[in-house]
Amino acid sequence: MPPGTKEAQTREVEPSVEALHEDVLRLFRAGRLRIPSLPDVALRVRAAVNDPQRGVADVARIVQVDAALAARLVHIANSPLYRGACTIDNCHMAVSRLGLEATRNFVVAFTLRNLFRPRHRTLLPVLQEVWRLGCRTAAISAVLARVTPGVDADRVVLAALVQGIGALPVVDYLDRRAWPDPEAAERLIERLQGRLGRDILSGWGFDAELAALPEAIARLETVPPDTVPGEAPRCADVVQVAWVHARFGTARGYDGPPLPELASYRRLPISRLGPDASLEVLEQSREEIRELLQILAG
Numbered sequence: 191m192p193p194g195t196k197e198a199q200t201r202e203v204e205p206s207v208e209a210l211h212e213d214v215l216r217l218f219r220a221g222r223l224r225i226p227s228l229p230d231v232a233l234r235v236r237a238a239v240n241d242p243q244r245g246v247a248d249v250a251r252i253v254q255v256d257a258a259l260a261a262r263l264v265h266i267a268n269s270p271l272y273r274g275a276c277t278i279d280n281c282h283m284a285v286s287r288l289g290l291e292a293t294r295n296f297v298v299a300f301t302l303r304n305l306f307r308p309r310h311r312t313l314l315p316v317l318q319e320v321w322r323l324g325c326r327t328a329a330i331s332a333v334l335a336r337v338t339p340g341v342d343a344d345r346v347v348l349a350a351l352v353q354g355i356g357a358l359p360v361v362d363y364l365d366r367r368a369w370p371d372p373e374a375a376e377r378l379i380e381r382l383q384g385r386l387g388r389d390i391l392s393g394w395g396f397d398a399e400l401a402a403l404p405e406a407i408a409r410l411e412t413v414p415p416d417t418v419p420g421e422a423p424r425c426a427d428v429v430q431v432a433w434v435h436a437r438f439g440t441a442r443g444y445d446g447p448p449l450p451e452l453a454s455y456r457r458l459p460i461s462r463l464g465p466d467a468s469l470e471v472l473e474q475s476r477e478e479i480r481e482l483l484q485i486l487a488g
């Protein structure tokens, strides 16, 4: 690239990703970056679920104000995750079938999508990919949760979708600079979204396990061959294994340790069936994953 070209001049004045990393953290800590807030309907549903004086009818009334959200709750209640003997066709029945806690988690998950919209179109593909990866991870997590005792599908779906929330203040920072380089934006997001995501989720009042997940998901802890971790499987284990599977379907791919070497995979009961067991389960559940992906992606 000739040094006198416009592209070369732009690159000469662009700070390094390392410098941007420090600047983003400085502004974030100073409260000078736009930190997303939970949508109003999610806050109202959460407050209703936490109020022992309120029940299914109250939560359904809140959700019904948003017709699109109500329709998605009905879809998830009729999905393979919760499908019962009869088809549900209204919001009240959907909330009743899902239960209050699962309804709360799905409402938060479904309303997150509106946050992933940058001001400048240059960075739109970057945020879209963060959201798509979250949706793929969530759909796979839901299937893996079904074969992992003690882990709830609604919780791993929410966890998978919020793990990318730390990308938003990074994109806000780059939006202000009219940042021209999507690849550098991706690298910066990858480096920062875990730490920023933890702080955002803590500020939203998420419990400690969910708040820690954005950082934990990229921490690929390995164990020696034939070692069986003694701990019970956790929500973060399911989401991390799903995230690895989901990365296989992206342009950036996955270049971490082999799945069977990950402590998170070894904690899942399915790992005892062999190194390819999760692949086999996901292959058998392709239609279910496709259906869940359609619901989650909207």
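The opening position of the sequence shown corresponds to residue 191 in the working numbering, with each subsequent residue numbered one higher.
Glycine included, every Cβ here is placed at the ideal spot set by N, Cα and C.
Since this is a predicted model, take the numbers as computed values, not measurements.
CA-to-CA distance, residue j to residue i, given in whole angstroms
i	j	result
A275	A357	41 Å
R244	V253	14 Å
E451	L210	33 Å
F300	L228	11 Å
V434	P447	10 Å
D427	L217	32 Å
E405	R388	7 Å
I225	P315	20 Å
G317	D256	Position check: residue 317 holds Leu in this sequence, whereas Gly was assumed. So the alpha carbons of these two residues sit roughly 24 Å apart.
D248	D279	18 Å
G443	A436	9 Å
E376	P242	43 Å
E208	A220	19 Å
L378	F438	21 Å
R287	A487	22 Å
R222	V214	9 Å
E373	T277	45 Å
P423	A453	10 Å
E478	H265	13 Å
L313	E380	14 Å
V231	D342	23 Å
Y363	A260	34 Å
E421	S461	14 Å
V361	A368	10 Å
S144	D445	An answer regarding residue 144 cannot be provided, because it is not within the stretch 191 to 488 covered by the chain.
A402	R234	24 Å
E473	R457	21 Å
S156	L400	Residue 156 is absent from the structure shown; the chain starts at 191 and stops at 488.
E212	L351	26 Å
I407	R294	23 Å
CB contact flag (residue i, residue j, <9 Å)
i	j	result
E334	V471	Rather than Glu, the amino acid found at residue 334 in this sequence is Leu. For L334 and V471, yes; Cβs fall inside 9 Å.
P459	V337	yes
L391	P359	no
H282	V246	yes
Y455	L449	yes
R412	L323	Going by the sequence as given, residue 412 is Thr instead of Arg. The answer is no: Cβ separation not under 9 Å.
R326	F296	no
V346	A432	yes
R236	V298	yes
C425	A329	no
Q383	L410	no
D371	R309	no
Cross-strand partners of residue i (DSSP beta bridge)
i	result
L452	T412
Buried or exposed by the 16-neighbour rule on C-beta atoms within 10 Å, applied to residue i
i	result
Q494	What is shown of the chain runs 191 to 488, which leaves residue 494 out entirely.
P339	exposed
D344	buried
V320	buried
S468	buried
A250	buried
P414	exposed
A258	exposed
S475	buried
R311	exposed
E202	Because E202 carries a pLDDT of 38, less than 50, the predicted location of this residue cannot be relied on, and the following value inherits that uncertainty. Exposed: under 16 other Cβ atoms inside 10 Å.
beta-carbon residue i near the ligand NAD non-hydrogen atom, thresh 8 Å
i	result
V214	Judged by which ligands are present, the structure shown has none, so any question about the ligand NAD falls away.
Can we say the segment 264-272 touches the segment 475-482, given the rule of at least three CB pairs closer than 8 Å?
A contact is defined here as three or more CB-CB pairs under 8 Å, and the segment 264-272 meets this definition with respect to the segment 475-482.
Below 8 Å, how does it come out for the segment 395-409 and the segment 300-319: are there three or more Cβ pairs, yes or no?
The segment 395-409 and the segment 300-319 do not touch, with fewer than 3 CB-CB distances between them shorter than 8 Å.
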